[in-house]
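S.K.:
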Amino acid sequence: MKLRLLIQIAVVVSIVLLCTGFGVYSFLRLNSVENRQDFNLYTLVPQDATAILETDRMADLVEDINELNCSKDNHFLYVSELFVYLKKYLYTLVEDTPHGLSKQMNKMLISFHEPDTPMNQVLYCSLGSGDYELVESFVEKYCSSSFPSKYFDYKGEEIRIYPMADGRFLAAYFTPDFLVVSFQKRLIEHVIDARRSKKSLMNLPSFRTMHAGKHNNVAATVYVRMKGVGMGKTTDGIRSQTQLGSWAEFDMKFNEDAIYCSGVSHGSDSTQTFINALRVQQPVEDGFSGSLLPSSTFFYDRWAMSDRDAWFGFTASQEYAKATYSDYIKQRDEEWIAYLNEHAGENVMSCLFQSKDTLDKLPCAVMCIPLKDELAAERCLQSLLYSTPKEEDVPLMPKVVSNNSLYPKARRFSKYVLPRNTLLTQLTGITESALYTFACFYRGSLLLAPDALSLSAYIEAVESGDVLDGTPVYEEGIGSLSPIYNFVMMVDMEMMLSQPETYVRLIPNFFFRQSNFFRHFMLAVQFTCTEGVVYPNIVLLYKGGMINQSCCSVLRDNRHKESQNIHSPQNYTDCCN
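Heads up: the sequence shown at position 360 corresponds to 364 in the working numbering, and the numbers run straight through without jumps.
1) Is there contact here, the segment 444-461 with the segment 347-367, by at least three beta-carbon pairs under 8 Å?
2) Would the beta-carbon of R416 fall within 8 Å of that of Y440?
3) Here's the rule I'm using: 16 or more other beta-carbon atoms within 10 Å means buried, otherwise exposed. How should E505 be labelled?
4) Inspect the CB distances between the segment 478-492 and the segment 529-536 and report whether three or more fall short of 8 Å.
5) According to the Cβ coordinates, are V477 and D305 closer than 8 Å?
6) So, with DSSP's three-state summary, where would you put G294?
7) Restricting to Cα atoms, I'd like to know which of S310, I263, Q51, A55 is closest to C4.
8) Look at M214 and H270 and say whether their C-beta atoms are less than 8 Å apart.
9) Run the CB neighbour count on A438, radius 10 Å, all protein chains shown included, and call it buried at 16 or more, exposed below.
10) Run through the segment 457-513 for me and flag every whole beta strand (DSSP E) of 3 or more residues, listed as ranges in chain order.
11) Q518 by DSSP, collapsed to three states: which one?
12) With a 10 Å radius around its C-beta and 16 neighbouring C-beta atoms as the bar for buried, classify V537 as buried or exposed.
13) Going by the beta-carbon positions, is the gap between L45 and A224 smaller than 8 Å?
14) Quick one: grab the DSSP three-state call for N351.
15) Could you pull the DSSP bridge partners for A528 from this structure?
16) Using three-state DSSP, classify S330 as helix, strand or coil.
17) Would you identify the three-state DSSP class for N280, choosing helix, strand or coil?
18) Pop quiz: G548 and D77 are said to be a contact at Cβ under 8 Å. What is the actual Cβ separation, rounded to whole angstroms?
19) Pull up the distance between the alpha-carbon of S201 and that of Y158, whole angstroms please.
20) Could you check where the alpha helix (DSSP H) with R190 kicks off and where it finishes?
21) Measuring straight from C-alpha to C-alpha, what distance separates N280 and G317?
22) For R172, which residues in the same chain have their Cβ closer than 7 Å to its Cβ, ignoring the five residues on either side in sequence?
23) Taking the alpha helix (DSSP H) that Q358 falls in, what are its first and last residues?
24) Nearest CA to the CA of D455: which residue from N541, E467, L422?
25) Can you name the start and end residues of the alpha helix (DSSP H) that D157 belongs to?
26) When you compare each of F516, N490, A320, P512 to E498 by their alpha carbons, which one comes out closest?
27) In this structure, what does DSSP give as the bridge partners for L375?
28) Which term fits G469, buried or exposed, when burial requires 16 or more other beta carbons within 10 angstroms of its beta carbon?
29) Rounded to a whole number of angstroms, what is the C-alpha to C-alpha distance between A176 and L428?
30) What does DSSP give as the partner residue(s) for R164 in the beta ladder?
31) E67 by DSSP, collapsed to three states: which one?
32) From the DSSP output, which residues share a beta bridge with M206?
33) Pick from M168, S153, T179: whose alpha carbon is nearest that of E161?
34) Going by beta carbon distance, what residues of the same chain come within less than 7 Å of M401, once the five residues before and after it are set aside?
35) Kindly indicate which three-state DSSP category Q125 falls into: helix, strand or coil?
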């Protein structure tokens, strides 16, 4: 073969190989960029976080919130000051990005830390290509110019402090992969510590396992850490102390008049938490109690209590239950627990409602415990009361009195005053300094209340058929709930938030801190348990929409009645518009 031909073949082969190599390199590089795993923000979250809000669609989440009817009526949830700032400036930020936010910037976390205040939160955001420069220019554009930014070195990492227009300061820590901001510089330091020591939330096996099963087709996910009482060693021996327990995961969805949070809590632990007490109970299977709830009920809960040791182990650990404890009261508690173990059924219901007496400022409160045998239970209680020793130096025992003119149908039911105990306090959260409990046997159940009036008002309402069952608001509330459950609670938040603290311990303080928002909602909470896994379900129904629906339902049901004055179609139309 001629030398010239060999040279031509070599040149052609070299060019082909070069082009092939360049093409393969380009393909691999582009493919690696497209398939590059996004930065895992959970590797930054300190392990002491008590709650996490996560979304992969930040812009969509803000849009969903703005489309709620409560938002259109200017009722906003300000649970996170950082999120408020995000909403305020998001659209301005989007305007600076012609093609919208990158996939990475749509990923966001907010972690909540103790003490639970709007200042003790951290916002985390992923950054994609070009986002670092975008954020820098955005911050410089909108931060206050009154004070210059400051830079601090913390263990080789840079923390920036930016002055805000309202006089506060924002601490920021960011790299080309992520942005972290907080109103607290110390929380940013904790984030750096978690990242450098590899002791973040993602390094906790329980959280990592739970997060692996996260659903993607939701607006946002909320992770909440249960608080409970565990056993901690001290120099004096062993004592109970507050601990952070297992996690619960909630997926959030929205429609115009409701916010839905469907959740799951996988693992149990040794802490005495509400969820761990629920895990061991046999479920309630006979639906809801609308026929046993007065129509003025604004708080109602019902829970399974097949394992009473688990329940009393949890309730007895609450500080409010032991506020006025003594050896005498401790003995009475032990007697009543033994009494329930012998005579009580496997579920308990309690409710708060308004009495007919307009002069009574406090709500009526009743707890209803189904009995195995009502006659045997009453005989046993009478014997127990006869044999109970008197307590020395105690407050005067209240008289068993009720307004017979308002509650004539309740006259024939005998009422008892129990010696001081914490049974009612433990099971309802209602605290009264005297700790006397009134009791009555009614329709196969034992009724317990902090006063005689509550018992009479309850019996009168049920005997008269003046109950919640069939009312539009009640039916709307149970519409999204399962008839089989371990715990259910329904609350008119506007009524509940106006009650004294002694009546509302089953409502977390979070709702009171955000009372201006939650007072416009009906709250329904349900927990179901299957094979040790707890499934919480929370529904917030906006009363602005429900009131309109209820008005329409009432008018439809009464449109032939003279008292409703709706013979004219115009009246009916006006209400429903």
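A virtual CB, placed ideally from N, CA and C, is assigned to each residue, including glycine.
Small disclaimer: the values here were computed from a predicted structure and weren't measured.
M.R.: Taking the structure as given:
1) Using a Cβ-Cβ distance cut-off of 8 Å, the segment 444-461 and the segment 347-367 are in contact, since at least three pairs of beta carbons, one from each stretch, lie closer than that value.
2) Result no, Cβ atoms of R416 and Y440 do not sit closer than 8 Å.
3) Classification of E505: exposed, given that the 10 Å Cβ count is below 16.
4) A contact between stretches requires three or more CB pairs, one per stretch, nearer than 8 Å, and the segment 478-492 meets this requirement with the segment 529-536.
5) No, the pair does not count as a contact, with Cβ atoms beyond the cut-off.
6) G294: helix per DSSP, three-state reduction.
7) Outside the shown range of the chain (5 to 581) lies residue 4, about which nothing can therefore be said.
8) If you check the CB distance, M214 and H270 come in under 8 Å.
9) For A438, the number of other beta carbons within 10 angstroms of its own is below 16, and it is reported as exposed.
10) DSSP runs (the beta strand (DSSP E)) wholly in the segment 457-513: 491-496.
11) Q518 falls in the coil class under three-state DSSP.
12) So V537 counts as exposed.
13) No, Cβ-Cβ distance for L45 and A224 is not below 8 Å.
14) In the structure shown, N351 sits in a strand (DSSP, three-state: E or B).
15) DSSP links A528 through a beta bridge to M494, V543.
16) Correct three-state label for S330: coil.
17) Annotated three-state conformation of N280 is helix, per DSSP.
18) The pair is a contact, with the Cβ atoms about 6 Å apart (cut-off 8 Å).
19) Using only the alpha carbons, I get a separation of about 14 Å.
20) It spans 189-201 - the alpha helix (DSSP H) in which R190 sits, taken as one unbroken run.
21) Using only the alpha carbons, I get a separation of about 11 Å.
22) Counting only residues of its own chain and dropping the five nearest sequence neighbours on each side, R172 has a CB closer than 7 Å to the CB of F187.
23) It is not in any alpha helix (DSSP H) - Q358 carries neither H nor E in the DSSP assignment.
24) Nearest of N541, E467, L422 to D455, Cα basis: L422.
25) First-last for D157: 154-158, but that is the beta strand (DSSP E), not the alpha helix (DSSP H).
26) Closest in C-alpha terms to E498, from the list F516, N490, A320, P512, comes F516.
27) Its beta-bridge partners are A348.
28) The residue in question, G469, is exposed, as its Cβ has fewer than 16 Cβ neighbours within 10 Å.
29) The alpha-carbon atoms of A176 and L428 are separated by roughly 49 Å.
30) In the DSSP output, where bridge partners are listed per residue, R164 has Y155, A176.
31) In the three-state DSSP reduction, E67 falls in the helix class (H, G or I).
32) Note: M206 is not bridge-paired with any residue in the DSSP secondary-structure output.
33) When C-alpha distances from E161 are compared across M168, S153, T179, the shortest belongs to T179.
34) Counting only Cβ-Cβ distances below 7 Å, and skipping sequence neighbours, we find V421, Y440.
35) Q125: strand per DSSP, three-state reduction.
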